[in-house]
Every structure is written in C-alpha cells, then in structure tokens.
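Below is one structure, written out as structure tokens; comments come after it.
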Amino acid sequence: GIQVEQSPPDLILQEGANSTLRCNFSDSVNNLQWFHQNPWGQLINLFYIPSGTKQNGRLSATTVATERYSLLYISSSQTTDSGVYFCAGGLPLNAGGTSYGKLTFGQGTILTVHP
Amino acid sequence: ETGVTQSPTHLIKTRGQQVTLRCSSQSGHNTVSWYQQALGQGPQFIFQYYREEENGRGNFPPRFSGLQFPNYSSELNVNALELDDSALYLCASSAYWGNEQFFGPGTRLTVL
Chain W
1261 GIQVEQSPPD
1271 LILQEGANST
1281 LRCNFSDSVN
1291 NLQWFHQNPW
1301 GQLINLFYIP
1311 SGTKQNGRLS
1321 ATTVATERYS
1331 LLYISSSQTT
1341 DSGVYFCAGG
1351 LPLNAGGTSY
1361 GKLTFGQGTI
1371 LTVHP
Chain Z
27 ETGVTQSPTH
37 LIKTRGQQVT
47 LRCSSQSGHN
57 TVSWYQQALG
67 QGPQFIFQYY
77 REEENGRGNF
87 PPRFSGLQFP
97 NYSSELNVNA
107 LELDDSALYL
117 CASSAYWGNE
127 QFFGPGTRLT
137 VL
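Keeping their order, the protein sequence lines are chains W and Z. For reference, each letter of the first sequence is one residue, going 1261 to 1375 in this note's numbering. For reference, each letter of the second sequence is one residue, going 27 to 138 in this note's numbering.
Structure (structure tokens):
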C-alpha cells in the first residue's frame, strides 16, 4: 500500500502567523483529502483536492499530483485553528482493482496557535 | 441534509465481549467505510461496503465484521474484544466508493 508522510509533526504559532503543512505520498493517489480533527475526534473535511489549487477563506491547498505531494496553507492563524490536521489519499481506481476508495492517512500535524 | 451519524458515542466493554457500532450514511451516499483510530495515530482502514457488499478490507482479523443495509446504513461488529481494540471508530460515507468521504463523529470504545 501507499505510504503517507506529513510534516512537520508539530507546529506552534502565535495568532496571526501563517503556516504551511506538507503531505508526501509514496505513489500516485486520487481522492486526496485534507481534514481537521476537532478535540472531540470528528474529522472535518477541509479540501478534496486530487490536483490543482483550491481556497476556502484563510485556508488554501495545492496538490502537485505528478510529484506526489500536497500542501495546506493556513493564513492569519487563529486559536480555533488548533488541532490535528490529516491528509489522506487513495490509489487510482484502475490500480489492479484493489483501491476501492480506501483512504490511507498520514500521522498528522499537531497545530497549536497561541493568543 | 443530514450528515453522517454514529451511535453510541462512548462504550465500555470488557475483554472477550462483543460489540456492535452503528453508522447512518449521509443522504444520497451508497458507500460506507470504517476506520479505527488509536490514540496519537492516524485512522486505519478496516473495510468498506458498497451497495450492501464488502468492497475491500484492510489488515484487520476476521473478528471484525460488518453489514450494510438497504438504506445504506451500516454496522461494525467486533467479537472477542481485546485491550488493543480500545480506539475511536470512525465511519465515513461517500456517494461512490472512489469519491470524497465524509466522516461521522465517531464512537470511542474502551476495552477493560
């Protein structure tokens, strides 16, 4: 199966700072997603971004599929941005018929934003 | 539009017991996937159901089993519970088995 590496593992910011989180994949993936896990454990969808760039308010994401990585940008961070950020991806649907949309997750980036 | 729901929220069992966790998929979704998240780790894929059939399975033993019903809701059953089964169990639904997945709030299982 694919391997997903996230960096950095931990990130501490002052409110108002910008940050970039990175996700590297060992193989080409589709249905690449970014999540924020809240303190109660729920995974909140941030982006579905197999390729290209998307923006949603202070957050944006870029996936370079040919180079097997994705970036999540957080601008003007707020204390409510604190939590764990995960990226996850699945193999292309024609990969031997075994991908079936399974998501493989990275280990996460723990973001702490101080006021 | 109702999102993905899971029940119960928390559960405490003892080693050797059996447990059933439930998931209702988002309206319009026919695929449900189950994940196990141990403390400090990313979620690990258990299995996926598409139109009531198991559509793929991760590296979990047969004592982890599931069902999907005609309304696309799903159950995860775990027999002969072990201490290492203590985790957050997450259910996700999608409109198709390769599409964007949306997660429920999870069930936190503690095995004593």
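Even for Gly, the Cβ is constructed at its ideal location relative to N, Cα and C. These figures come from a predicted structure and were not determined experimentally.
Buried versus exposed, by CB contacts within 10 Å (16 or more), residue i
i       : result
Z/F4    : This structure cannot settle anything about residue 4 of chain Z, because the visible part of chain Z is limited to 27 through 138.
W/H1296 : buried
W/V1324 : exposed
W/I1309 : buried
Z/F95   : exposed
W/G1317 : exposed
Z/I72   : buried
Z/P69   : buried
Contact set between residue i and chain W, taken where Cβ atoms lie within less than 7 Å
i      : result
Z/F128 : N1305
Z/S120 : G1361
Interface flag, residue i vs chain W, CB-CB below 7 Å
i      : result
Z/F90  : no
Z/G29  : no
Z/F86  : no
Z/G82  : yes
Z/P34  : no
Z/L142 : This structure cannot speak to residue 142 of chain Z, because chain Z is shown only from 27 to 138.
Z/P131 : yes
Z/G54  : no
Z/L114 : yes
Z/G124 : yes
is_contact[residue i, chain Z] using C-beta, thresh 7 Å
i       : result
W/N1278 : no
W/Y1308 : yes
W/Q1367 : yes
Host beta strand (DSSP E) of residue i (start-end)
i       : result
W/A1325 : Taken as a continuous stretch (DSSP letters only), W/A1325 belongs to no beta strand (DSSP E), as it is neither H nor E.
Z/Y76   : Q70 to Y76
Z/I118  : According to the sequence displayed, residue 118 of chain Z carries Ala and not Ile. Here the beta strand (DSSP E) through Z/A118 covers A113 to S120.
W/W1300 : Note, W/W1300: premise wrong, no beta strand (DSSP E); not H, not E.
W/T1280 : S1279 to F1285
Closer than 8 Å at the beta carbon, the chain W residues around residue i
i      : result
Z/R134 : G1301
Contact set between residue i and chain Z, taken where Cβ atoms lie within less than 8 Å
i       : result
W/K1362 : S59, F71, Q74, G82 and G84
Chain B within 7 Å of residue i, Cβ atoms only
i       : result
W/N1291 : Structure shown: chain B not included; protein chains present are W and Z.
Contact check, residue i vs residue j, beta carbons under 7 Å
i       : j       : result
W/L1306 : W/W1294 : yes
W/S1320 : W/Y1329 : no
Z/A113  : Z/A64   : yes
Z/Q140  : Z/Y115  : In the structure as shown, chain Z begins at 27 and stops at 138. Residue 140 of chain Z is therefore absent and cannot be evaluated.
W/T1364 : W/V1264 : yes
Z/L47   : Z/L102  : yes
W/V1373 : W/S1337 : yes
Chain-ordered chain Z contacts of residue i [CB-CB under 9 Å]
i       : result
W/F1346 : G68 and P69
Residue i beta carbon near the ligand GTP (any heavy atom closer than 6 Å)
i     : result
Z/R89 : No copy of the ligand GTP occurs in the structure displayed, which carries no ligand at all.
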